[in-house]
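Chains as they are written, first to last, in our numbering: chain A, 8 to 446; chain B, 389 to 948.
Ideal Cβ positions, reconstructed from N, Cα and C, are used throughout, including at glycine.
Predicted model only: the values in this text are computed from it and were never measured.
I have placed the structure first, in the form of structure tokens, so that the comments after it can refer back to it.
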Amino acid sequence: MLKAKHQTGLVFFPAFDWAISPTHPEREERLLYTQDQVFEEGLFDIEGISEFKPDPVTLKDIQRVHFCVPDVWHVTTESHFISAGGAKTIGMAVLDRQIKRGFALVRPPGHHAMRVVHGARGFCNINIEAIMIEYLREAYGIEKVAIVDTDCHHGDGTQDIYWHDPETLFISIHQDGRTLYPGSGFPNELGGPNAVGKTLNIPLPPNTSEEGFLYTAEHVIMPILEDFKPDIIINSAGQDNHYTDPITNMNFSAQGYANLTSILNPDIAVLEGGYSIEGALPYVNLGIVLALAGIDYTNVKEPNYDPDRIRQAPAVTDMIEKIGETVLTIWQQKEYIRNQIMEKADPGNRNRNIFYDTDGIQESQHEQIQICSDCAGALRIDSTSSRGVHILAVHIPRKACDACKQTGYTWYESADPDDFDIIFIQDRTEDHYLERKGK
Amino acid sequence: MIIGLDVGGTHTDVVLLDDNGLEKEIKVLTDPSNLFNSVLTGLNEITSGIDPKNISRIVLSTTLSTNAIVQKKIPAVGMIVSSGPGIDPDFYRTNAYYFPVSGSIDHRGREIEPIDHDEINHIAEHLQKEGIRYVGVVGKFSIRNPAHELQIQAILNGSFEKIFMGHRISGSLNFSRRIATTFLNAAVYPIHKEFYEAVQRSLEAKGLVLPIRLLKADGGNMRFESSIEFPAQTILSGPSASVMGAVAFGTEDEDTLVMDIGGTTTDMALLINRAPVLNPLGIGLGGYKTLIRSLETLSIGLGGDSAVKLIEGKLEVGPERLGPAMAYGGQVPTPTDALFITGDIKDGDKDKSKNGLKPLAKIHGISVEALAHQIIDITCQNILTAAQNLIDRINSKPVYTVHELQEGYLVRPKNILVLGGPAPYFARHLEKLCAYSIRVVPNWQVANAIGAALARTTCEVIFFADTERRVAEAPEENFSQQIDSNYDRTGAQQHAFELLRDKAIQRGANPDFLEMEVVEALQFNMVRGFNTTGKNIRVKVQVKPGLIHEYDHVIAKLSQ
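As structure tokens, then:
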């Protein structure tokens, strides 16, 4: 009799009636063959594997993380509420100890969605992992969280949301941004001044295969996780590093993904991208679930799997080892790097232009963080979109010190309604979300 | 006239229905060691004095195949299983002669690896040498392309008495359940065939020449001739007989809980607008999870004869039964004894019940009467908790579309229908403890046999089309057809209904009253690169479980 070593829970929500557009990669068909494989293999019949029905998230769950412009309804659909709800359902089941590990096999994805949302970028509208994590922090009091984003694309949305949070370690491993959307995710992106080194980026060269991914997981990610000692580990489990993926250039496999999952040993995995819907997803998802459950997966293989054909070149191996060393050094020397950053003029301010490729919106941001040694610091974001909306968003972090909280409210209250269309404040100390309309 | 017969653990119930309603009802003791005799005795008694020409329909619900499986009284069977990549098929081993073989088909039905003819020949020789006569052949994704199962069957053909192929057993995805279900069909085949042929011969000897029908776990029936190909579908028909016996009395446009309170167990099911809720995958039995269509039921070890015990100062009822109630000469106090003390039941020895409960009441420090009330309350409370679990289970069934999640129907029954031996005595007490309104099914003692008699012939068809591969298929129905790129969901639905109609009539349905419905109809655009290359269509249709329409007037009489 087949039995899971670890009680494992799944939310499977393929949203068979939702697509960005009929021929978009993020369409109804995406998880169809995964469903076929999961059903045919009888995954939900295995003792110790259970399926959960997702509860949609609430408005408040989204507003705990995002500033949606002009409001949540304009930038989401029901499917986003359910997808984030799938992650939340799994998170609750893990923390309620109903299951040891969980996997939210849901769509649409979320890791390109940043704190301010004017629309969809990289097929994402709201950040489903962040919504889950902040809910779990509020409801269960967990503190230190590590997110390992193994999607082929840089998880720039999750990076943005946790940029200033010293209690969230965000590690993204992805195809080098010089060769792939969104073009970011370099080692020098390592967190804001209050959280230096808590964002780590590991760009891998195109054609990285099993060897390179597993090397990085074992020799770079795991030592850092052991050092950080998180309360919970989340894996943003994108599946687009696969050798058959149509929009990326990597050489990963189902066996590789299953091994990676065994090494990372996440409490919760959340599906992100992955668009080789026939050649990869059915097998990768099966491999991930079996690995989470602690069931033998050595016979899970794509029909055309040939490890020799996708083996990485020695030059690729060299580059991977080098980048690994760089990232380990950053982690070890994060205090020193912080001091260097503080010596720069104006370390608390940054200006950015953000492109929403899915919706064709251009956003221009000025961000100001209160540099603070007692908390994550109050955050002020002045944002204008090419749709002509100008907002001010103030975020007071979960454990804000009195001074930062005061600063946040001062920013909010003193903002001139003549200057903005909407003025928001997200006060995480009180779990409040307020807004004022401009004139 | 119609005969319905339901073999239970203790009694075999038989009814004769005619235009006036319930004409005759009898109960005979079930002899588990000789079911044939129990069935024959029941049929003989019910037909005595009746002109065989007047009998138009006989439906049987027996425990034959269930018992054979649970008691492992089944012959050796050979299983040949072709898996390909994925979970190791050895995990799904059903029996000793179980052979994983090469060959692989993927989720679209494309051949990835051929089967090895020599390997199959070799296994066939081995099985023959071992004297095995029944074989099951199952391939992963065979319902998307049965080619490998058919090739293996062709090699085996002629060397064995009966070969069962997975793709003909069910159209649903689930390899491990397909293996288990195919195995069970092969295993019960000889017992099933012999038994019902004998029943048929006996009936013919009495001048009753008509096709006998067998009740299935999904609350429908099929003709014996059809059941030869799917004998395992007759397992666990007992609970469905009871549910079908209650169907006519369910509340229209509302949800109704059905509870069959027996001596040992209480079985529950749910009706939505008088149609029973089906289990989405299939029934489980004796450690096997199957693809055998069944009603969604929940069974607990709690009934009128459950043993009452005091464990660490706490009163417990069930789950075991240690004989009849003390009022009827048993050794251990039961809820039935409690019902004697409260005066609900009157036809036994109340003093025996009282004396039986006395020691427990003394330890507990309360009066016998108070103890009796506690026992009844605990029993009713546990039944109601189980009912809530069933409702929760039905409501937490995952769905895969935004529409279903938002509009998904949540069951919220307000009524409970009770039947079974002690049902009316419990009804009053159940009602005090809950907000449900409780009704007792008319003819509650034989409602199960009435349910068997009046159940429809049911079946389903799972249909699949892939316009990129240009095929429409229903392998379970041995149907495959070339289609063009314009083929769509509407066409698929129509095709599926045609197949369903033929299948239902062949299995014994009345073509004039065929209530067919779409269970699922999905159509996906298949996009490769930036081009739409085809449509992937999945349709599931079924004959709605329910009662036969031609007997509406009989049913109306029953409720009077």
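- DSSP places Y486 of chain B inside the beta strand (DSSP E), whose first and last residues are Y486 to V489.
- Counting C-beta atoms within 10 angstroms of its own C-beta, I893 of chain B has fewer than 16 neighbours from the protein chains shown and is therefore classed as exposed.
- By the beta-carbon neighbour count (other beta carbons within 10 angstroms, threshold 16), W170 of chain A is buried.
- Residue contact check for G117 of chain A against chain B: no CB pair falls below 8 Å.
- When secondary structure is reduced to three states using DSSP, F427 of chain A falls in the coil class, being assigned neither helix nor strand.
- Given a length threshold of 4 residues, each whole run of the alpha helix (DSSP H) inside the segment 330 to 354 of chain A is given here in chain order: 341 to 350.
- Its chain contains T654, D655, M656, I771, A775, I804, L805, V806, L807, G808 and A811 as the residues whose beta carbon lies nearer than 8 Å to that of M647 of chain B, once the 5 sequence neighbours on both sides are disregarded; these appear in chain order.
- For G527 of chain B, there are no neighbours in chain A by C-beta distance under 7 Å, as the nearest C-beta there is about 11 Å away.
- Residues of the segment 772 to 802 of chain B with a C-beta less than 8 Å from any C-beta of chain A: S784, K785, P786, V787, Y788, T789, V790, H791, L793 and Q794, listed in chain order.
- Within chain B, the C-beta atoms nearer than 7 Å to that of F20 of chain A come from Y788, in chain order.
- With a contact defined as Cβ atoms closer than 8 Å, L405 of chain B and A841 of chain B qualify at about 6 Å.
- With a cutoff of 8 Å on beta-carbon distance, V323 of chain A and P212 of chain A are scored as near each other.
- Interface flag for V927 of chain B against chain A is unset, since no Cβ pair is found closer than 8 Å.
- At least 8 Å separates the CB of R445 of chain B from every CB of chain A.
- For E708 of chain B, the enclosing beta strand (DSSP E) begins and ends at K702 to R709.
- Judged by DSSP secondary structure, S558 of chain B falls outside any alpha helix (DSSP H); it is assigned neither H nor E.
- The bridge partners DSSP lists for Y440 of chain A are A:Q433.
- With fewer than 16 neighbouring CB atoms inside 10 Å of its own CB, W80 of chain A falls in the exposed class.
- Shown here for N425 of chain B: same chain residues with a beta carbon closer than 8 Å to its own, the five before and five after excluded, namely D419 in chain order.
- With a 10 Å radius around the Cβ and a threshold of 16 neighbouring Cβ atoms, Q930 of chain B comes out buried.
- C-alpha of A456 of chain B to C-alpha of E865 of chain B: approximately 28 Å in a straight line.
- Inter-segment contact for the segment 266 to 277 of chain A and the segment 28 to 37 of chain A is absent: fewer than three beta-carbon pairs are separated by less than 8 Å.
- The DSSP-derived three-state label of A713 of chain B is coil.
- Taking the CA atoms as reference points, Q911 of chain B sits about 19 Å from G917 of chain B.
- Interface residue (Cβ-Cβ distance to chain A less than 8 Å): N483 of chain B is not classified as such.
- Just measuring C-alpha positions, the residue of A:Q372, A:K351 and A:D366 sitting nearest R359 of chain A is A:Q372.
- Taking 9 Å as the upper bound on Cβ-Cβ separation, chain A lies near residues S492, D494, H495, R496, R498, I500 and E501 of the segment 483 to 508 of chain B.
- The C-alpha of T845 of chain B is placed about 25 Å away from the C-alpha of H399 of chain B.
- At a C-beta separation below 8 Å, K460 of chain B has no neighbours in chain A, since its nearest C-beta there lies roughly 16 Å away.
- Between V277 of chain A and I135 of chain A, the beta carbon gap of about 6 Å places them in contact (Cβ cut-off 8 Å).
- In the structure shown, N743 of chain B adopts helical secondary structure according to DSSP, grouped into three states.
- One Cα belongs to R827 of chain B, the other to E903 of chain B, and the distance between them is close to 28 Å.
- Residue pairing by DSSP puts Q182 of chain A in a beta bridge opposite A:L211.
- Taking every protein chain shown into account, the CB of H514 of chain B has fewer than 16 other CB atoms within 10 angstroms, so this residue is exposed.
- Listed by position along chain B, the residues whose Cβ is nearer than 8 Å to that of E35 of chain A are F912 and N913.
- If only complete runs of 3 or more residues are kept, the segment 574 to 657 of chain B shows the beta strand (DSSP E) at 600 to 603, 609 to 611 and 643 to 649, in order along the chain.
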